[in-house]
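Participant: Residues in the sequence shown are numbered consecutively from 1, following the UniProt record's numbering.
C-beta: ideal position from N, C-alpha, C; glycine also.
This structure is a prediction, so every number in the text was calculated from the model and none was measured.
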Amino acid sequence: MIDLTLLLKRESEEPLYTQLYQYIKKEIMNGKLPAQTRLPSIRSLSAHLHISRNTVDLAYQQLLAEGYVLSKPRSGLYVMDLQLDTLPSSPHVRKQGSEDHALAHPSIQYNFRYGDVDAEHFPLATWRKLSNLSLQQNHQALFSYGDPLGEPGLRMEIAKYLHGSRGVNCSPDQIMIGAGIQYLLAVLSGLLKPDNRSIAMEEPGYDGARTIFQHHGLQLRPIPLETDGLHIQQLYESQSRIAYITPSHQFPYGMVMPLHKRMQLLKWAADQNGIIIEDDYDSEFRYVGKPIPSLQSLDSHQRTVYLGTFSKCLLPSIRIAYMVLPKHLLELHNKHNYRLYDQTVSRFHQNTLELFMRNGHWEAHIRKMRKVYRHKQSTLISTIQQLMGSNVTVIGQDAGLHILLRVHNGMHEQQLIATAEKEGTQVYPVLPFWAQQAQAEQSMVQIGFGGLSMEDIQKGVHSLHRAWFGESER
Ligand SMILES: Cc1ncc(COP(=O)(O)O)c(C=O)c1O
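1) Assuming residue 490 contacts Asp57 (C-beta within less than 8 Å), just tell me the rounded distance between them.
2) Say yes only if the C-beta of Tyr428 is nearer than 8 Å to one or more non-hydrogen atoms of ligand 1, and no if none qualify.
3) Can you tell which of Gly205, Ile199 and Pro204 has its C-alpha closest to the C-alpha of Phe213?
4) Would you kindly work out how many angstroms separate the C-alpha atoms of residue 476 and Trp127, rounded to a whole number?
5) Is the segment 223-232 touching the segment 247-259, taking contact as three or more C-beta pairs under 8 Å?
6) Comparing C-alpha positions only, which one of Glu203, Arg53 and Asp195 sits nearest to Ala438?
7) Decide if Leu325 is buried, meaning its Cβ has at least 16 other Cβ atoms within 10 Å, or exposed.
8) Using the Cβ count rule (16 or more neighbours within 10 Å means buried), how would you classify Gln141?
9) By the three-class DSSP mapping on this structure, what secondary structure does Gly208 have?
10) Checking 9 Å against the spacing of the C-beta atoms, do Gln296 and Val407 come in under that value?
11) Sort Met454, Asn132, Val392 and Leu315 by Cα distance to Asn351 and report the nearest one.
12) My output table needs one value for Ser402: the three-state DSSP class, helix, strand or coil.
13) Going by the beta-carbon positions, is the gap between Leu265 and Ile276 smaller than 9 Å?
14) I want to check one thing, is the minimum distance from the CB of Gln343 to the heavy atoms of ligand 1 below 8 Å?
15) Run the proximity test for Phe251: is its beta-carbon closer than 8 Å to any non-hydrogen atom belonging to ligand 1?
16) Just to confirm, is the Cβ distance from Phe122 to Leu314 under 9 Å?
17) Taking buried to mean at least 16 other C-beta atoms within 10 Å of its own C-beta, is His301 buried or exposed?
18) Measure the Cβ-Cβ separation of Arg38 and Tyr78 and say whether it is below 9 Å.
19) Taking 9 Å as the cut-off, decide whether the C-beta atoms of Tyr287 and Arg374 are in contact.
20) Just to confirm the assignment: which complete beta strand (DSSP E) runs, minimum length 3, are found wholly within the segment 379-461?
21) Name the residue from Asp195, Arg43 and Ala321 whose alpha carbon lies nearest to the alpha carbon of Ile158.
22) Is Pro316 near ligand 1, going by C-beta to nearest heavy atom under 8 Å?
23) Exposed or buried, what is His163 when buried is set at 16 or more other beta-carbons lying within 10 Å of its beta-carbon?
24) Among Pro34, Asp3 and Ala35, which has the Cα closest to the Cα of Leu20?
25) Go ahead and label Gln136 buried or exposed: buried means 16 or more other beta carbons lie within 10 angstroms of its beta carbon, across all protein chains shown.
26) Can you name, in chain order, every residue of its own chain whose Cβ lies under 7 Å from the Cβ of Glu27, other than the five neighbours on each side?
27) Rounded to a whole number of angstroms, what is the C-alpha to C-alpha distance between Glu421 and Gln397?
28) Determine the direct distance from the alpha carbon of Leu380 to that of Ile457, and round the result to whole angstroms.
29) Going straight from the alpha carbon of Gln83 to that of Lys25, what length do you get?
30) Would you please state the rounded distance, in angstroms, between the beta carbons of Leu401 and Phe285? I believe it to be under 8 Å.
31) Whole angstroms is fine: what's the gap from Asp271's alpha carbon to Gly410's?
32) Should Ile395 be listed as close to ligand 1, given that the test is whether its C-beta is under 8 Å from any heavy atom?
33) Any heavy atom of ligand 1 closer than 8 Å to the Cβ of Asp279?
34) Using the rule of at least 16 other Cβ atoms within 10 Å of the residue's Cβ for burial, across every protein chain shown, is Gln174 buried or exposed?
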């Protein structure tokens, strides 16, 4: 089932239901919601957009009355076939397609490594079945290289998903698939380097991206964070024309950039003729508040490159990520022969993922994992609060698969890690995320919870409590 993501203007004189109705109508007319698409249920759309069921119901009733959708008993509302193909001017969606410290320390029992995901809920049987199916489908195609940008069918599924879940506006041919966000950032750095000498980045920020930019000869301009994300004035002052940011879940601090700041950032990009690189690495896991549309979806000047990955919600080992290029960068990509870079992801896995998405397993998996991780995160935080209370500060709990913990016991980062390790628990440093490490916070650790069971999360926190506050526990 699709999701619909739009920005409803509560202060507008136009009622919310009319705004929703107008949006869906437009999406049907421009082909983004093709015939036979099932609209989300009233319950799920009202929960997704944080509006009342009544509002959704009114919008749906209007669409029904005007013949844009039809109701199938016990099934839901479906987009009508309006024969849009016969209208000459309708712009359709194109139809084509750590370090592994714990290994070295076998005494580690509870590993709060960021990057691990929940293995128990991975739909292995379904994946196996679809892998087999994809092998049977088209032998000939599986024995050759494939499209350098990625399989058209998978890019089509990703375009649909991104539009529904993050409001991203793109055609499948703007999407490039690659073996991880880092690989795609390397390609992007190559594209941007001839016209740019520097890149602005959040400070602290994702070290995995920073290293790529440095390796490509881009000078770093670290931009400090405010409580709601990047300091825009300092971004202007940096004089860089490219900014790499994680607006929907700042890495590692975890703040979510509010709408007004997103608009300021887009204005910066339009003013500077600049490029925003939006890394939306874990947007599936937002636990508080309503979804904020991606920067890409708010950008009317084609200044945003949008990136996402299947590493968090599916599996990191699958190595599939995607990048949405604005048209002018796609042209540059063609012009400079980047199509000669062969695709880095196996066609087998691409085809399996396409089937997984097309048959509804992806949406179902996201819904399930959101519940699983929400539960794990609240267990982690409530156990921390219960045991350590005001002796610690939890940072970044609105979204994602990790938190930061500021510990008020006088120990610095390495002591916090070493004492935890003696108790059999691994936590991780935050220092590497700072480009200017002298300015880093000193008494903080990173705690990832994705890969641990609920029971191990609780036991792990008890062990951290013993390590840091020396309380004996019965
Ligand atoms: C901010 C951020 N972007 C990207 C990634 C990695 O994505 P991928 O596995 O697709 O390279 C990570 C992984 O930890 C991350 O923290």
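Facilitator: Reading from the atomic positions:
1) There is simply no residue 490 to check, as the chain begins at 1 and stops at 474 in what is shown.
2) no
3) Ile199
4) Absent from the model: residue 476. The displayed extent of the chain is 1 to 474, so no value can be given.
5) yes
6) Glu203
7) buried
8) Contrary to the premise, residue 141 reads as Ala rather than Gln in this sequence. By the neighbour-count rule (16 or more Cβ atoms within 10 Å), Ala141 is not buried but exposed.
9) helix
10) no
11) Asn132
12) Per the sequence shown, residue 402 should be read as His rather than Ser. Strand at His402.
13) yes
14) no
15) yes
16) yes
17) exposed
18) yes
19) yes
20) 392-395, 402-407 and 444-448
21) Ala321
22) yes
23) buried
24) Asp3
25) exposed
26) Leu33
27) 24 Å
28) 6 Å
29) 15 Å
30) 6 Å
31) 45 Å
32) no
33) yes
34) buried
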